[in-house]
Amino acid sequence: MKLPIYLDYSATTPVDERVAEKMCQYLTFGGNFGNAASRSHSFGWKSEQAIDQARSQVAALVNADPREIVWTSGATESNNLAIRGAAHFYQKKGRHIVTCKTEHKAVLDTCRQLEREGFEITYLSPQANGLIALKDIEAALRDDTVLVSVMHVNNEIGVIQDIAKIGELTRPKGILFHVDAAQSAGKVAIDLSELNVDLMSFSAHKIYGPKGMGALYVGRKPRVRLEAQMFGGGHERGMRSGTLATHQIVAMGEAFRIAKEEMVAENIRIEQLRNRLWNGLKDMEEVYLNGDLEHRVSGNLNVSFNFVEGESLIMALKDLAVSSGSACTSSSLEPSYVLRAIGREDELAHSSIRFSMGRYTTIDDIDYTIKLVKDKVQKLRELSPLWEMYLDGIDISQVQWAAH
Amino acid sequence: MAYSEKVMDHYENPRNVGSFEKDATDVGTGMVGAPACGDVMKLQIRVNKAGVIEDARFKTYGCGSAIASSSLLTEWVKGKTLSEAQEIKNSDIAEELALPPVKVHCSVLAEDAIKAAISDYQDKQKT
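Heads up: the protein sequence lines correspond to chains L and W, in order.
Using our numbering, you'd call the opening residue of the first sequence number 1 and step up by one each time.
Using our numbering, you'd call the opening residue of the second sequence number 1001 and step up by one each time.
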């Protein structure tokens, strides 16, 4: 076992060896370094061929047509292009968009920008388990709604939204449906030929590909139009200009190919690890699981350890690479907006730790983690005045605290 | 967040952790902060007849800097008179621990805690 143990796969994943090897073949003079837009020589043709293959590999994982895949620099750019591009293109039809409070900042901040441009956004609150109630979405749709944007899997609490059902609400009304699938591709089965999804964002580095690479699915049936956000040589059918990063694209293709082949078996293994971790922690006193356990991606566990502050717990867990919803770990000094949106009290948000497991996590890692977490939580609770009050039977929510 | 060695030392080996009987007449208790804000400090002092702080205890819920600030404070107040302890400034704590700007509020909380403990002790002496 190697320390520290990496349990932050939702933040990023290491590049798979097979992917790295492939990627390196598209960089140097001895490899295929050509510009795919060079039509006049074999250097360009070879790159174009490699990119076409990668496009097919990405499309295959989600059962799309390769012509529906647009390369981007990552899921953030995909989200920007999908939401802003669709909003701008269809603004004569309407200027209302529906999304959710627990979306990634790349969606929320794009929506905020659209608000400044005069669009109206409805931010839905999820239920306490993190899932959006379908009736809330239905009720939010209006005659001037042009787009609904909902993430497939939440990056903090790992809950899986029912995108099949949401698409059944939007499609008959002619409303576009965008799904941020950065955290779900390769972890949850996606069949875009069945789903009523018009736009879907992907990231490479969440599934063992390189950082700085992503894709946007832009549906052809029915045809979705976007206003470009990046101008230039008209690459990617005019939707996203810029010389294609062959090595990145090939790597993303390889990562998606591996995911398609291995995800079923891998998910079973990772889910067992996740459940082992939760079973090892859940009997501790005052421990709360954040987000639904059943509708949840296999590698995510988000737990609040009441009366212990997240950042100090992370300091104590320096053998583990995990993340926290605590204010002290964010630059804004605000606790996790996702945990607040599902109705968690601020103190539980401050006390939360996200464990995310992946391809290289072992049973030994998990057993070590359980032991360490139990030990350190106990130690910090002995230091905590709130734990002392809890043991004395004082209801902390009834105490008049002076906010500062 | 990269912490100074002093913060790490206090965090890993906190001094004077614990509680005194809060109803004892020679004990002053200061509890400051709020769980919703992510830090709560409880600081207690035991004062002798001459008005000198003989011993101190703390418990803190909060980040590493909050724990270190309160741990350091318990070391500093021991042996000081109440009026000397009253003079401790948050800037002294922040400087000693080399707290980054976003963590200065932790030292402010520690100053509030000692002031609250002194005032609690003084209130008890009036009755």
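All residues carry an ideal CB built from backbone N, CA and C; glycine is no exception.
Just so you know, these numbers come straight off a predicted model, no measurement behind them.
**Q.** DSSP-derived helix/strand/coil call for L/K318
**A.** DSSP, reduced to helix, strand and coil, places L/K318 outside both helices and strands of the structure shown, so it counts as coil.
Q. Who are the Cβ neighbours of W/Q1086 in its own chain at under 8 Å, not counting the five residues just before and after it?
A. So the list reads I1114, K1115 and I1118, once near-sequence residues are dropped.
Q) Does the beta carbon of L/M315 sit closer than 8 Å to a beta carbon anywhere in chain W? A) yes
Q) Between which two residues does the beta strand (DSSP E) harbouring L/L304 extend? A) The sequence as given places Ser at residue 304 of chain L; Leu does not occur at that position. Where L/S304 is concerned, the enclosing beta strand (DSSP E) stretches over N300 to F305.
**Q.** Cβ shell of L/N35 (< 7 Å), same chain only, five flanking positions each side left out
**A.** Short of 7 Å from the beta carbon of L/N35, and not among the five residues preceding or following it, lie these beta carbons of its own chain, in chain order: G44, S47 and T243.
Q. Which whole-angstrom value describes the C-beta separation of L/N80 and L/Q229, a residue pair presumed to lie in contact below a C-beta threshold of 8 Å?
A. About 6 Å separates the beta carbon of L/N80 from that of L/Q229, a gap short enough to meet the 8 Å contact definition.
Q. Does any CB atom of chain L fall closer than 8 Å to the CB of W/S1091?
A. no
Q. If you draw a straight line from the alpha carbon of W/E1084 to that of W/H1010, how long is it in whole angstroms?
A. Their Cα atoms are separated by approximately 23 Å.
Q) Is the beta carbon of W/G1030 less than 8 Å from the beta carbon of W/C1063? A) In this structure, W/G1030 keeps its C-beta atom at 8 Å or more from the C-beta atom of W/C1063.
Q. Of the residues L/H205, L/M315, L/I160 and L/T246, which one's Cα is nearest the Cα of L/V297?
A. L/I160
Q | chain L residues whose Cβ lies nearer than 8 Å to that of W/D1009 | A | Going along chain L, no residue has its Cβ under 8 Å from W/D1009, so there is no contact; the nearest lies around 12 Å.
Q: May I ask you to list, following chain order, the residues of the segment 374 to 400 of chain L that have a beta carbon less than 8 Å from some beta carbon of chain W?
A: Answer in chain order: E382, L383, S384, P385, L386, W387, E388 and I396.
**Q.** 7 Å Cβ cut-off: residues of chain W touching L/E311
**A.** C1063 and G1064
Q: Just tell me which of L/A75, L/A349, L/F33 and L/G158 has its CA closest to the CA of L/G209.
A: L/A75
Q. So which residues of chain L does W/I1067 contact, with C-beta pairs closer than 7 Å?
A. S312 and L383
Q. Does DSSP put L/R39 in a helix, in a strand, or in coil?
A. coil
Q) Checking contacts by CB at 8 Å: is W/T1074 closer than that to chain L? A) no
Q) Exposed or buried, L/V107, counting other C-beta atoms within 10 Å across all chains shown (16 or more means buried)? A) buried
(Q) Threshold first: 4 residues or longer. Then list the alpha helix (DSSP H) segments lying entirely within the segment 2 to 27 of chain L, N to C. (A) 17 to 24
(Q) On a Cα-Cα basis, can you pick out the residue from W/D1123, W/L1073 and W/V1027 that is closest to W/K1006? (A) W/L1073
Q | Beta-ladder partner(s) of W/T1029, from DSSP | A | W/Q1044
Q. Do we get a CB-CB distance below 8 Å when we pair L/S326 with the residues of chain W?
A. yes
Q: Output the distance between the C-alpha atoms of L/K2 and L/V98, rounded to the nearest integer angstrom.
A: Distance between L/K2 and L/V98, taken at the CA atoms: about 45 Å.
Q | Where W/P1014 meets chain L, residues with beta-carbon distance less than 9 Å | A | Under the 9 Å cutoff, chain L gives L383.
Q | 4-residue-minimum alpha helix (DSSP H) runs that sit fully inside the segment 211 to 257 of chain L, ordered along the chain | A | none
Q. So, is the C-beta of W/G1038 closer than 8 Å to a C-beta in chain L?
A. yes
Q.
Can you check whether the C-beta of W/T1060 is within less than 8 Å of a C-beta belonging to chain L?
A. yes
Q: Kindly list, in the order they appear in chain L, the residues whose Cβ is closer than 9 Å to that of W/V1027.
A: Ordered by position in chain L, no residue passes the 9 Å Cβ test against W/V1027, which lies about 15 Å from the chain.
Q: For the alpha helix (DSSP H) containing W/Y1011, list its first residue and its last residue.
A: E1005 to E1012
Q: Grab me the residues of L/A11's own chain with a C-beta within less than 8 Å of its C-beta, minus the 5 sequence neighbours each way, in chain order.
A: S323 and S356
Q) In its own chain, which residues sit with a C-beta less than 8 Å from the C-beta of W/S1019, not counting the 5 before and 5 after it? A) K1042, Q1044, R1057 and K1059
Q) What did DSSP end up calling L/C100 once you bin it into helix, strand or coil? A) strand
Q | Segments assigned alpha helix (DSSP H), at least 4 residues, entirely inside the segment 1062 to 1086 of chain W | A | 1064 to 1077 and 1082 to 1086
Q) Are the CB atoms of L/P335 and W/Y1061 nearer to each other than 8 Å? A) no
Q.
Which of the three DSSP states is assigned to L/E334 in this structure?
A. coil
Q. From the beta carbon of W/V1052, is the nearest beta carbon of chain L less than 8 Å away?
A. For W/V1052, the answer is no, since every Cβ of chain L falls outside 8 Å of its Cβ.
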